[in-house]
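Colleague: Take this structure first; my questions come after.
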Amino acid sequence: MNRFLKFIYEGIRLCRPHQWYKNLLIFLPIVFSKNLLTAELWSPLILGFISLVLISSVNYIFNDAIDYQKDRKNPEKMHRPIASGIISSWRASIIAMLLLFGALYVSFSLNIIFFYIVIMLFFLTLIYSVYLKNELFADIIIIGINFVLRTISGSILMNAEISPWVIICVFFFTLFLTVGKRYSEIIFLKDGASNHRKVLNEYDSKTLNSLMDISTTVFIITFSIFTFFSQHSQNLIYLVPLFVYVILRYTWLIRNGSIIARHPEKIYKDKKLFVSLLLFIFLSTLLIYFP
Numbered sequence: 000m001n002r003f004l005k006f007i008y009e010g011i012r013l014c015r016p017h018q019w020y021k022n023l024l025i026f027l028p029i030v031f032s033k034n035l036l037t038a039e040l041w042s043p044l045i046l047g048f049i050s051l052v053l054i055s056s057v058n059y060i061f062n063d064a065i066d067y068q069k070d071r072k073n074p075e076k077m078h079r080p081i082a083s084g085i086i087s088s089w090r091a092s093i094i095a096m097l098l099l100f101g102a103l104y105v106s107f108s109l110n111i112i113f114f115y116i117v118i119m120l121f122f123l124t125l126i127y128s129v130y131l132k133n134e135l136f137a138d139i140i141i142i143g144i145n146f147v148l149r150t151i152s153g154s155i156l157m158n159a160e161i162s163p164w165v166i167i168c169v170f171f172f173t174l175f176l177t178v179g180k181r182y183s184e185i186i187f188l189k190d191g192a193s194n195h196r197k198v199l200n201e202y203d204s205k206t207l208n209s210l211m212d213i214s215t216t217v218f219i220i221t222f223s224i225f226t227f228f229s230q231h232s233q234n235l236i237y238l239v240p241l242f243v244y245v246i247l248r249y250t251w252l253i254r255n256g257s258i259i260a261r262h263p264e265k266i267y268k269d270k271k272l273f274v275s276l277l278l279f280i281f282l283s284t285l286l287i288y289f290p
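The sequence shown begins at 0 in numbering that gives the first Met the number 0 and counts up by one.
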């Protein structure tokens, strides 16, 4: 029984539940469309979120199966179920196929366009894992597209339009996070960086610094323009200073080698950033719904 429970635990860990927060982007359209309290919209969005969680878990498993030898050389990834040998590749493949079937079934039952988006996410991430993650610049752009698709999927399930500015903000936000992660990986892994991720051999700190400056600047400008032109969120312009503080704080953590840059889900480790972000989210919601 203990072996069975351990297998279940490792199977869940294989799906990287700490990464599932990325799929919360599906709820972004319901917030900015001022439909947060519209009860009938929540059911398809929650099921859509589950579908995205399942398909992202499939991609994580395939990625680990492809990279398990490299992961064994990474001090932060060597304990993953496949890399450590706790779960064999064939068992991981069976788990992945079951999750893939579940994701496709749920998405197809919701909306045919959403179903196509889920398929696109699967193949884009698979292509990324096999090829594009080793291509300079393409590795960060494909992740940005992936996040944009998650956001668009929410508007599809709601049958509502989403502001192009939201899409642009999401894209440059993702670029900002991904570039920061690459920079942090080079600092953390040092000479062994290219053994973990081949593309890190082509990046250098100077290039990544420039990319970080560009993505940060464009992200701040895009968000500021969005607050000015958005129909439902013009009052958000008053939060631009707080927004800039959050971005600058995160940038400072990146440049100082914080673990948060490599693992954004550990944002709670920096109290100033965590509290500021929670305050920004709370005030943003308040200003959208109670202008």
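All C-beta atoms, glycine included, are put in the ideal place defined by N, C-alpha and C.
Which of the three DSSP states, helix, strand or coil, is assigned to Glu39?
Modeller: helix
Colleague: Given a cut-off of 7 Å, decide if Ile266 and Leu272 are closer than it, judged by their beta-carbon atoms.
Modeller: yes
Colleague: I'd like to know whether the C-beta atoms of Met300 and Leu40 end up nearer to each other than 7 Å.
Modeller: Since the displayed the chain opens at 0 and closes at 290, residue 300 lies outside it and no answer follows.
Colleague: So, with DSSP's three-state summary, where would you put Glu264?
Modeller: helix
Colleague: For Leu199, which of Val178, Ile213, Val245, Ile155 has the nearest alpha-carbon?
Modeller: Checking every option, the nearest Cα to that of Leu199 belongs to Val178.
Colleague: I believe Val52 touches Trp19 by the beta-carbon criterion, under 8 Å. Please report the beta-carbon distance rounded to the nearest angstrom.
Modeller: 5 Å
Colleague: Among Ser88, Ile54, Ser55, which has the Cα closest to the Cα of Gln68?
Modeller: Ser88
Colleague: Is the stretch 115 to 123 close to the stretch 9 to 24, with three or more CB pairs under 8 Å?
Modeller: no
Colleague: What are the start and end residues of each continuous alpha helix (DSSP H) run of 4 or more residues lying completely inside the stretch 210 to 264, in chain order?
Modeller: 239 to 254, 258 to 261
Colleague: Short of 8 Å in beta carbon distance, which residues of its chain neighbour Ser128, apart from the five on each side in sequence? Order them along the chain.
Modeller: Asn58, Phe61, Asn62, Ile65, Asp66
Colleague: Leaving aside the five residues before and after Leu252 along the sequence, list all residues of the same chain whose C-beta is less than 8 Å from its C-beta, in chain order.
Modeller: Answer for Leu252: Ile259, Ala260, Asp269, Leu272, listed in chain order.
Colleague: Report the three-state DSSP secondary structure of Met77 (helix, strand or coil).
Modeller: Secondary structure of Met77 (DSSP, three-state): coil.
Colleague: Starting from Cys168, trace the alpha helix (DSSP H) in both directions and tell me its first and last residue.
Modeller: 163 to 188
Colleague: From Ile139 to Thr284, what does the alpha carbon distance come to, in whole angstroms?
Modeller: Their backbone Cα atoms lie some 29 Å apart in a straight line.
Colleague: Quick check: the Cα distance between Phe225 and Asp203, rounded to an integer number of angstroms?
Modeller: 32 Å
Colleague: Val117 and Ser50 - do their beta-carbons sit closer together than 7 Å?
Modeller: yes
Colleague: Closest to Arg254 by CA distance: which of Tyr237, Ser209, Phe242 is it?
Modeller: Ser209
Colleague: Compute the beta-carbon to beta-carbon distance between Ser223 and Tyr244, rounded to the nearest angstrom, for a pair I have assumed lies under 8 Å.
Modeller: Ser223 to Tyr244, Cβ: 14 Å. No contact.
Colleague: Using C-beta distances below 8 Å, list every residue in its chain close to Leu44, excluding the 5 sequence neighbours before and after it, in chain order.
Modeller: Ile25, Phe26, Ile29, Gly153, Leu156, Met157
Colleague: Please state if the CB of Leu131 and the CB of Ile141 are separated by a distance shorter than 7 Å.
Modeller: yes
Colleague: What residue range does the alpha helix (DSSP H) around Ile280 cover?
Modeller: 270 to 288
Colleague: Measuring straight from C-alpha to C-alpha, what distance separates Phe228 and Ser162?
Modeller: 10 Å
Colleague: Span of the alpha helix (DSSP H) holding Asn133?
Modeller: Note, Asn133: premise wrong, no alpha helix (DSSP H); not H, not E.
Colleague: Which term fits Ser32, buried or exposed, when burial requires 16 or more other beta carbons within 10 angstroms of its beta carbon?
Modeller: Around the beta carbon of Ser32, a 10 Å sphere encloses 16 or more other beta carbons of the protein chains shown; the residue is thus reported as buried.
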